[in-house]
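**Q** Plus 1285 on top of the position in the sequence shown (first one is 1) and you've got the working numbering.
Note that CB positions come from ideal geometry on N, CA and C, so glycine has one too.
Let me give you the structure first, and then I'll get to my questions.
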Amino acid sequence: VDNMIMSRPAIILFGDSITQQGFSAAANSGWVGLLSNAYTRRADVLNRGYSGYNTRHAVNLLPTVFAKEMNPKSTLFVTVFFGANDASLPGERENNQHVPIEEYEQNLRTIVTDIGHKLKETPIILITPPPLDEHAWDKYCREEFDDLSPRSNEQSKLYGERVKLVAEEMGCSIVDSFSLLGGNGDVSAYEKSLEDGLHLSAKGNQLLYDGLMDVIKRDLPELAPKVTEDDLTGIALEGALWKELC
């Protein structure tokens, strides 16, 4: 059965709901869908996003998502995108997803180390949590769940700084979604990039995708899609063009 379908290299996207929802359709084109389109006939994009998960959950998932028998040569790169839930504010409430920032940093190190052991030299790209529109998120939670899941933009930024630290120390590329979406400015600078105050809108998905592609082209040009004959490196389309066959 394994040999019935021709395999292509894989791109593995490991994260929370912002990854899970990355294949969103209609007007709100998700960043994962955009990435998959860019790698059409070049690689298979595997979405391993888990809504509501934090890095504590992610560490427990590692044996399931990254099996010991994986072939490192079959994977182009891996993205790790957790933190939006870890950065929820601490407090005594049911289903609190908060993970203390020191544990969060250590969990990221554990995730990167585990993937590195199993996939050897496969590049790992870390993505920081996006900015947070507190008013919009509180409004969404009240309307949808009649409850709150308190978060803050400043907390998201602090957790993102730990992602950058881990990336620098462990040799990973970094996509700073917090900055890409305008999190360092006023909420008016980034509110349109968020669908509900936390998850990405069409604009936010496009900004994240563009930022990820920029990092791939800068740090891993040999793994970027080769679009034209003028591109000296990159992943070319699989198979001949139809006009070459007729």
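(1) When the Cα of V1460 is compared with those of T1513, D1329, Y1494, L1522, which residue comes out closest?
(2) Please report the straight-line C-alpha distance between L1485 and G1524, rounded to a whole angstrom.
(3) Let me make sure I understand the geometry here. Which of A1323, S1336, L1346, F1362 has the alpha-carbon closest to that of L1483?
(4) Tell me, to the nearest whole angstrom, how far the beta carbon of N1438 is from that of E1419; I am working on the premise that it is less than 8 Å.
(5) Which term fits R1427, buried or exposed, when burial requires 16 or more other beta carbons within 10 angstroms of its beta carbon?
(6) Is W1527 buried or exposed, if buried means 16 or more other CB atoms sit within 10 Å of its CB?
(7) Go through its chain and collect everything with a Cβ distance to Q1305's Cβ below 8 Å, but skip five positions before and after it.
(8) With the cut-off set at 7 Å, would you say R1327 and I1520 are in Cβ contact?
(9) Anyone know if the C-beta pair for T1364 and I1412 falls short of 7 Å?
(10) If contacts are defined as beta-carbon pairs under 8 Å, then D1257 and Y1444 qualify, I think. What distance do you get, rounded to the angstrom?
(11) Secondary structure at L1530, three-state DSSP: helix, strand or coil?
(12) By alpha-carbon positions, which one of L1320, S1314, A1343 ends up nearest to G1300?
(13) Among the residues of its own chain, which have a CB less than 8 Å from the CB of V1286, if the five just before and after it don't count?
(14) Is the beta carbon of F1362 sitting closer than 7 Å to the one on P1408?
(15) Quick one: what's got a C-beta closer than 6 Å to T1518's C-beta in the same chain, skipping five residues either side?
(16) Per the DSSP calculation, V1365 is bridged to which residue(s)?
(17) Please give me, in chain order, every unbroken run of the alpha helix (DSSP H) with length at least 4 that falls completely inside the region 1463 to 1527.
(18) Excluding sequence positions up to five away, which residues of its chain have a Cβ less than 6 Å from the Cβ of L1347?
(19) Enumerate in chain order the residues of its own chain whose CB-to-CB distance from G1496 is below 6 Å, with the five nearest sequence positions on each side excluded.
(20) Helix, strand or coil: which one does DSSP assign to L1346?
(21) Just list the residues that DSSP pairs S1458 with in beta bridges.
(22) Applying the 10 Å Cβ sphere with the 16-neighbour rule, what's the burial state of N1322?
(23) Would T1513 be called buried (16 or more neighbouring beta carbons within 10 Å of its own) or exposed?
(24) Which residues mark the beginning and the end of the alpha helix (DSSP H) in which L1393 is found?
(25) Answer with buried or exposed for K1358, where buried requires no fewer than 16 other C-beta atoms within 10 angstroms of its C-beta.
(26) Candidates I1297, V1317, N1381: which alpha carbon is nearest L1433's?
**A** So, to answer that:
(1) Taking the sequence shown and counting its residues from 1, one reaches residue 1460 at position 175. Nearest of T1513, D1329, Y1494, L1522 to V1460, Cα basis: Y1494.
(2) Taking the first residue of the sequence shown as 1, we reach residue 1485 at position 200. Taking the first residue of the sequence shown as 1, we reach residue 1524 at position 239. Note on geometry: alpha-carbon atoms of L1485 and G1524 lie some 35 Å from one another.
(3) As a first step, residue 1483 is located in the sequence shown; it is residue number 198 there, counting from the start. Nearest C-alpha to L1483: S1336.
(4) Position 153 of the sequence shown holds residue 1438. Position 134 of the sequence shown holds residue 1419. Yes, they are in contact, since the Cβ atoms of N1438 and E1419 sit about 6 Å apart, within 8 Å.
(5) For the purposes of this step, residue 1427 is taken as the residue at position 142 of the sequence shown. By the C-beta density criterion, R1427 is exposed, having fewer than 16 other C-beta atoms within 10 angstroms.
(6) Counted from its first residue, the sequence shown places residue 1527 at position 242. The residue is exposed, with fewer than 16 neighbouring Cβ atoms inside 10 Å.
(7) The count along the sequence shown starts at 1 and reaches residue 1305 at position 20. Contacts found: N1332, G1334, Y1335, S1336.
(8) Locating residue 1327 in the sequence shown gives position 42, counting from the first residue. Locating residue 1520 in the sequence shown gives position 235, counting from the first residue. With respect to I1520, R1327 sits close: the two C-beta atoms are nearer than 7 Å.
(9) The count along the sequence shown starts at 1 and reaches residue 1364 at position 79. The count along the sequence shown starts at 1 and reaches residue 1412 at position 127. The criterion of a C-beta distance shorter than 7 Å is satisfied by T1364 and I1412.
(10) Outside the modelled stretch of the chain, which goes from 1286 to 1531, sits residue 1257, for which no answer is possible.
(11) Reading the sequence shown from its first residue, position 245 is the one you call residue 1530. If DSSP states are grouped into helix, strand and coil, L1530 belongs with coil.
(12) On the sequence shown, position 15 is the one that residue 1300 refers to. Distances from the alpha-carbon of G1300 to those of L1320, S1314, A1343 put A1343 closest.
(13) Residue 1286 sits at position 1 when you count from the first residue of the sequence shown. Below a pLDDT of 50, predicted positions are generally treated as unreliable, and V1286, at 40, falls in that range; the measurement from the model is reported next regardless. In its own chain, leaving out the 5 sequence neighbours on each side, no residue places its CB closer than 8 Å to the CB of V1286.
(14) Numbered from 1 along the sequence shown, position 77 holds the residue referred to as residue 1362. Numbered from 1 along the sequence shown, position 123 holds the residue referred to as residue 1408. Contact: yes.
(15) Here residue 1518 is taken as the residue at index 233 of the sequence shown, counted from 1. Around T1518: P1506, E1507.
(16) Translated into the one-based positions of the sequence shown, residue 1365 becomes position 80. According to DSSP, which records beta bridges pairwise, V1365 is partnered with F1299, L1411.
(17) Within the region 1463 to 1527, the complete alpha helix (DSSP H) segments of 4 residues or longer fall at 1472 to 1475, 1487 to 1504, listed in chain order.
(18) If you number the sequence shown from 1, residue 1347 lands on position 62. Cβ within range, chain order: D1399.
(19) Indexing the sequence shown from 1 puts residue 1496 at position 211. Counting only Cβ-Cβ distances below 6 Å, and skipping sequence neighbours, we find V1460, L1465.
(20) In the sequence shown, counting from the first residue as 1, residue 1346 sits at position 61. Assigned with DSSP and collapsed to three states, L1346 falls in helix.
(21) Counted from its first residue, the sequence shown places residue 1458 at position 173. The beta-bridge partner set that DSSP reports for S1458 consists of I1410.
(22) Looking up residue 1322 in the sequence shown gives position 37. N1322 should be labelled exposed.
(23) In the sequence shown, the residue the question calls residue 1513 occupies position 228. T1513 sits exposed, since fewer than 16 C-beta atoms from the chains shown fall within 10 Å of its C-beta.
(24) Taking the sequence shown and counting its residues from 1, the one referred to as residue 1393 is at position 108. For L1393, the enclosing alpha helix (DSSP H) stretches over residues 1386 to 1404.
(25) The sequence position of residue 1358 within the sequence shown is 73, counting from 1. So K1358 ends up on the exposed side.
(26) Here residue 1433 corresponds to residue number 148 of the sequence shown, with the count starting at 1. Each of I1297, V1317, N1381 was checked against the Cα of L1433, and the nearest Cα belongs to N1381.
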